[in-house]
Amino acid sequence: MRVELTDQTDDSGVLQRLNPVSKLIAITPVMGLLMLVTDPYTPLAFVVFGALVTVVPGRLSPVDYVRVAAPLVTLAACFVFVYPFVVSSPGGVTSEVVASFGPLTVRRAGILVGAATGLRILALSVLSLLFVLTTNIESFLGALVQNLGLPYQIGYSAMAAFRFAPEMQSDVETIRAAHTVRGTPDTDGIRNRLYRMSRYAIPLFVNSIRRAERTALAMDARAFGASNKRTHYRTHTITGVDVAFVMVFWMLSAAIVLLLWELGALGTLCLPQ
0 MRVELTDQTD DSGVLQRLNP VSKLIAITPV MGLLMLVTDP YTPLAFVVFG
50 ALVTVVPGRL SPVDYVRVAA PLVTLAACFV FVYPFVVSSP GGVTSEVVAS
100 FGPLTVRRAG ILVGAATGLR ILALSVLSLL FVLTTNIESF LGALVQNLGL
150 PYQIGYSAMA AFRFAPEMQS DVETIRAAHT VRGTPDTDGI RNRLYRMSRY
200 AIPLFVNSIR RAERTALAMD ARAFGASNKR THYRTHTITG VDVAFVMVFW
250 MLSAAIVLLL WELGALGTLC LPQ
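Read in numbering that gives the first Met the number 0, the sequence shown has 163 at position 164, and its numbers run on one by one without any break.
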């Protein structure tokens, strides 16, 4: 499914109006914590938390959000179902046998490890969606340049590269229409699809080179990269609202962890040796 990234306009949700850097700062420590947890309850709690924060303040349609997240849920479910068959006794400790299917044995430890791994991947994906679905890529690159000191030569070059993506999709449609007009069949099947890809590759590659060359000449004609300082069409500043969002997000995340710890559901952290 193609996901349209929203822009930071006044009529959009709260998350869309935030500085992209603040959202990145908010979710990064939580994602780091999720990489270390070993229990299934902590990532499950952050799946619910991340989805609610994305849908409610971001003013996104729950139906559209579910459609975007469905492949991620499928990926997590694969880990849940596969791990019990491949993980039997983590740490050398024999675990209780839950079921047996011929040579395959399902142990309780494998189920717990599979659930923890699948939910951890899902939680990381949900927090990533919080950033991706509410952030315009141009605003993000602009904020990196202005707030985090990314060299503007890198930032604006990446911005130009991202703009090529929809144009390449338009080129594919044009090439496909041209082949159809000339009587080339547009049939299905893996072999036919591979053949079509080989026919589209050369004109698409040539058009991409021409577009990149024109862009490079235009940037060079405007003395792009000649100075270390430059003005910006849109300024991105860290406001009090951004700081408040980061603080509230961190406090709610800490409250979730403390609640799980009080309930005895927080497992040990897998710290690097």
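Quick reminder that beta carbons are idealized off the backbone N, C-alpha and C, glycines included.
What you are looking at is a predicted structure, and each value in this text was computed from that prediction instead of being measured.
{"Item": "Please classify Val205 as buried or exposed, where buried requires at least 16 other C-beta atoms within 10 Å of its C-beta.", "Value": "exposed"}
{"Item": "Comparing alpha-carbon positions, which option in Arg107, Met158, Asp63 lies nearest Ala211?", "Value": "Met158"}
{"Item": "Hey, would you say Ala115 sits closer than 7 Å to Thr37, going by beta carbons?", "Value": "yes"}
{"Item": "Let me make sure I understand the geometry here. Which of Met196, Ala225, Leu43 has the alpha-carbon closest to that of Arg119?", "Value": "Leu43"}
{"Item": "For Val55, does the three-state DSSP call read helix, strand or coil?", "Value": "coil"}
{"Item": "Thinking C-alpha only, which one of Ala220, Val125, Phe48 is nearest Pro70?", "Value": "Val125"}
{"Item": "Using a Cβ-Cβ distance cut-off of 7 Å, determine whether Leu268 contacts chain E.", "Value": "Of the protein chains in the structure, only one exists, and it is not chain E."}
{"Item": "Where Leu123 and Leu33 are concerned, what is the direct C-alpha to C-alpha distance, given to the nearest angstrom?", "Value": "7 Å"}
{"Item": "Alpha carbons only, please: which of Arg175, Ile208, Gly182, Val180 is nearest the one belonging to Arg192?", "Value": "Arg175"}
{"Item": "By Cβ distance below 8 Å, which residues in the same chain neighbour Gly113 in space, the five residues on each side in sequence not counted?", "Value": "Phe78, Val79, Phe80, Val81, Tyr82, Pro83, Val86"}
{"Item": "Is the Cβ-Cβ distance between Cys269 and Leu23 less than 7 Å?", "Value": "no"}
{"Item": "When DSSP labels each residue in this structure, what does Leu132 get in the three-state scheme?", "Value": "coil"}
{"Item": "Per DSSP, Val36 forms a beta bridge with which residues?", "Value": "Leu268"}
{"Item": "Using 7 Å as the threshold, is the C-beta distance between Leu259 and Tyr40 below it?", "Value": "yes"}
{"Item": "Start and end of the alpha helix (DSSP H) containing Asn18?", "Value": "From DSSP, Asn18 is part of no alpha helix (DSSP H); its letter is neither H nor E."}
{"Item": "Check for me: the alpha helix (DSSP H) holding Ser169 runs from which residue to which?", "Value": "151-180"}
{"Item": "Three or more C-beta pairs closer than 8 Å, one from the stretch 13-22 and one from the stretch 133-148: is that the case here?", "Value": "yes"}
{"Item": "Of the residues Val47, Ala225, Thr214, which one's Cα is nearest the Cα of Val72?", "Value": "Val47"}
{"Item": "If you follow the alpha helix (DSSP H) that Thr236 is in, where does it begin and where does it stop?", "Value": "That residue, Thr236, is in no alpha helix (DSSP H); it is neither H nor E in DSSP."}
{"Item": "Which residue marks the beginning of the alpha helix (DSSP H) containing Leu203, and which one marks its end?", "Value": "189-220"}
{"Item": "Give a yes or no on contact between the stretch 138-154 and the stretch 231-246, applying the rule of three or more CB pairs nearer than 8 Å.", "Value": "yes"}
{"Item": "Please classify Ser169 as buried or exposed, where buried requires at least 16 neighbouring CB atoms within 10 angstroms.", "Value": "exposed"}
{"Item": "Between Ser11 and Asp241, is the Cβ-Cβ spacing less than 7 Å?", "Value": "no"}
{"Item": "Can you tell me whether Leu51 is buried or exposed? The criterion is at least 16 other CB atoms within 10 Å of its CB, across all chains shown.", "Value": "exposed"}
{"Item": "Taking all protein chains shown into account, decide if Gly31 is buried (16 or more other Cβ within 10 angstroms of its Cβ) or exposed.", "Value": "exposed"}
{"Item": "How close, in whole Å, do the beta carbons of Gly224 and Gln152 come, if the pair is a contact with beta carbons under 8 Å?", "Value": "5 Å"}
{"Item": "Could you check what DSSP says for Leu121 in three-state terms: helix, strand or coil?", "Value": "helix"}
{"Item": "Is the distance from the Cβ of Ala142 to the Cβ of Pro61 below 7 Å?", "Value": "no"}
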